[in-house]
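Since the structure comes first, as structure tokens, the remarks are kept for the end.
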Amino acid sequence: MTDFNDKSILITGGTGSFGHKFVDFLLKSASPRKVIIYSRDELKQFEMQQKFTDPCMRYFIGDVRDNERLKTAMKDVDYVVHAAALKQVPAAEYNPNECIKTNINGAQNVIDAAIATNVSRVIALSTDKAANPVNLYGATKLASDKLFVAANNISGAKGPRFSVVRYGNVVGSRGSVVPFYRQLIAEGRDRLPVTHPEMTRFWITLDEGVEFVVKSFSRMQGGEIFVPKIPSIRIVDLAEAMSGSGDFEVVGIRPGEKLHEIMVPEEMAHHTVEFEDHYVIAPAITFFDKNLDYTKNKLGESGRPATDKFEYHSGTNPHFLTIGELRELDKVTL
2 MTDFNDKSIL ITGGTGSFGH KFVDFLLKSA SPRKVIIYSR DELKQFEMQQ
52 KFTDPCMRYF IGDVRDNERL KTAMKDVDYV VHAAALKQVP AAEYNPNECI
102 KTNINGAQNV IDAAIATNVS RVIALSTDKA ANPVNLYGAT KLASDKLFVA
152 ANNISGAKGP RFSVVRYGNV VGSRGSVVPF YRQLIAEGRD RLPVTHPEMT
202 RFWITLDEGV EFVVKSFSRM QGGEIFVPKI PSIRIVDLAE AMSGSGDFEV
252 VGIRPGEKLH EIMVPEEMAH HTVEFEDHYV IAPAITFFDK NLDYTKNKLG
302 ESGRPATDKF EYHSGTNPHF LTIGELRELD KVTL
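Each residue of the sequence shown is one higher than the one before, counting from 2 in our numbering.
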């Protein structure tokens with residue numbers, strides 16, 4: 002596994018749910034030289050400083066739209082996790098230019114800064130919405146994924162390695178349906194709103210997301226999109242598990258929202274390698290200074306090419322959480 006001891010790690014958008022959990026992991030499992038939180042919200046940084054007071058912690062006010070500030074923050078940094086993004090689907094539909102500035106231009110700025118400061122490895126967090134996108138958020142994250150993959154050509158033989166981690170909805174993260182349902186239940190609502198009775202989603206906990214990113218740092222060669230094998234849920238099952246009632250109110254799909262989610266589209270099946278607990282989408286482009294075999298990774302794990310017409314789809318996923326499993330997860334994790 003990647004040794005974070007005496008290393009400097011920078012997390013863009015580090016005051017978010019992932020950043021909190023990732024920092025908690027780093028401080029408990031390693032002795033990093035520096036952990037740098039790079040974000041634009043001074044209040045969230047102040048609140049995070051009260052929680053994480055280790056001497057290795059650094060807090061940089063900055064926006065990923067600011068290339069020069071990123072270069073300053075990345076000096077002497079070994080590893081970068083790029084978690085900053087505008088993520089709310091309806092907000093992106095109504096404010097497309099702002100979403101593009103952060104999610105696409107910001108991604109290029111992170112790449113440029115990492116190359117300029119000779120960072121060792123960069124992992125960008127993606128989303129299931131980037132596969133066959135139907136909303137602007139997904140389209141910007143697909144563009145971001147393409148930028149990070151292609152960055153391995155720009156960085157040269159001795160430059161940073163760039164990879165992407167793509168996973169589904171994070172249980173209990175800010176903006177997810179779980180905190181919203183909890184609030185409604187606390188207010189006494191007996192019928193929870195459901196956008197569509199057939200809607201499904203991929204489901205991963207924050208702990209699982211952090212663990213997968215950490216493993217991806219160890220596995221990466223550069224250019225891969227890592228996709229974990231995770232369960233799906235039916236939204237109506239989640240509503241019943243949390244409320245205790247099978248009665249719900251259908252409110253309609255929001256602007257830009259999908260009925261189901263896809264993490265590996267069928268069109269990428271011939272680029273996909275299946276490992277025991279994850280998939281790798283290999284680059285569609287050739288890296289001129291590298292000859293990489295994506296059926297093997299840096300941990301020595303071996304995979305096999307996915308079958309023709311393979312698609313990783315939340316509605317056809319063989320693993321669905323039952324209502325009972327969701328209730329247990331609610332008690333322990335949510």
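For glycine and all other residues, C-beta sits at the position ideal for the given N, C-alpha and C.
Any chain D beta carbon closer than 7 Å to residue i
i	result
Leu27	The question asks about chain D, but that chain is absent: this structure has only one protein chain.
Supposed close pair residue i, residue j - CB separation, criterion 8 Å
i	j	result
Thr16	Ile38	6 Å
His320	Ser233	7 Å
Ile338	Phe61	A query on residue 338 cannot be resolved here, the shown segment of the chain reaching from 2 to 335 and no further.
Phe53	Val24	6 Å
Tyr168	Val265	Not a contact, Cβ separation roughly 12 Å.
Asn170	Asn110	About 27 Å separates the two Cβ atoms, so there is no contact after all.
Whether residue i touches residue j by CB criterion (7 Å)
i	j	result
Lys35	Arg70	no
Thr287	Arg235	no
Val251	Thr206	no
Val65	Ala84	no
Val211	Phe5	no
Ala108	Cys100	no
Ile263	His314	yes
Ala270	Ala307	yes
Met221	Ser164	yes
Val166	Leu126	yes
Asp55	Leu28	yes
Asn153	Gly223	yes
Between the CA atoms of residue j and residue i - distance to the nearest angstrom
i	j	result
Lys310	Glu225	20 Å
Val120	Val78	6 Å
Asp278	Glu209	12 Å
Phe203	Ala240	15 Å
Gly268	Ala283	A small correction: the amino acid at residue 268 is Glu; Gly does not occupy that position in the sequence shown. So the two alpha carbons sit approximately 13 Å from each other.
Ala31	Lys297	27 Å
Gln51	Leu44	11 Å
Asn104	Asp129	15 Å
Glu48	Ala151	36 Å
Ser246	Pro180	18 Å
Gly63	Tyr95	24 Å
Lys291	Arg122	16 Å
Arg328	Leu143	33 Å
Thr317	Thr323	15 Å
Met2	Lys299	9 Å
Thr73	Lys147	25 Å
Gly20	Pro33	15 Å
Thr13	Asp294	30 Å
Asn98	Ala131	18 Å
Tyr280	His272	10 Å
Ala140	Glu326	33 Å
Lys22	Ala285	32 Å
Ile186	Leu330	17 Å
Leu335	Tyr182	With a pLDDT of 47 at Leu335, under the threshold of 50, the modelled position of this residue cannot be trusted, and the question is left open.
Ala57	Ile10	Rather than Ala, the amino acid found at residue 57 in this sequence is Cys. Taking the straight line from one Cα to the other gives about 10 Å.
Glu312	Glu275	12 Å
Arg41	Asp238	37 Å
Glu188	Phe249	16 Å
Ile124	Ser244	37 Å
Asn106	Ser18	23 Å
Gln184	Ile155	47 Å
Gln46	Phe289	41 Å
Met75	Lys88	24 Å
Between the segment 189-206 and the segment 257-270, do three or more beta carbon pairs fall short of 8 Å? Taking a cut-off of 8 Å for Cβ pairs, the segment 189-206 and the segment 257-270 touch, as three or more such pairs fall below it.
Stretch pair the segment 108-117 + the segment 130-138: three plus CB contacts closer than 8 Å: no
If we require 3 or more residues per run, which beta strand (DSSP E) segments fall completely within the segment 126-200? For secondary structure counted as the beta strand (DSSP E) over 3 or more consecutive residues, the segment 126-200 holds these complete runs in sequence order: 162-166, 193-195.
Inter-stretch contact (C-beta, 8 Å, three-pair minimum) for the segment 301-310 and the segment 206-219: no
State whether the segment 179-192 contacts the segment 156-169, with contact taken as three or more CB pairs (one from each stretch) at a distance under 8 Å. no
Contiguous beta strand (DSSP E) assignments of at least 3 residues, all confined to the segment 205-280: 226-229, 233-235, 249-251, 263-265, 273-275
Going residue by residue through the segment 67-109, where are the continuous alpha helix (DSSP H) segments of at least 4 residues, counting only ones entirely within it? Entirely contained in the segment 67-109, the alpha helix (DSSP H) runs reaching 4 residues are, in chain order, 68-74, 90-95, 97-101.
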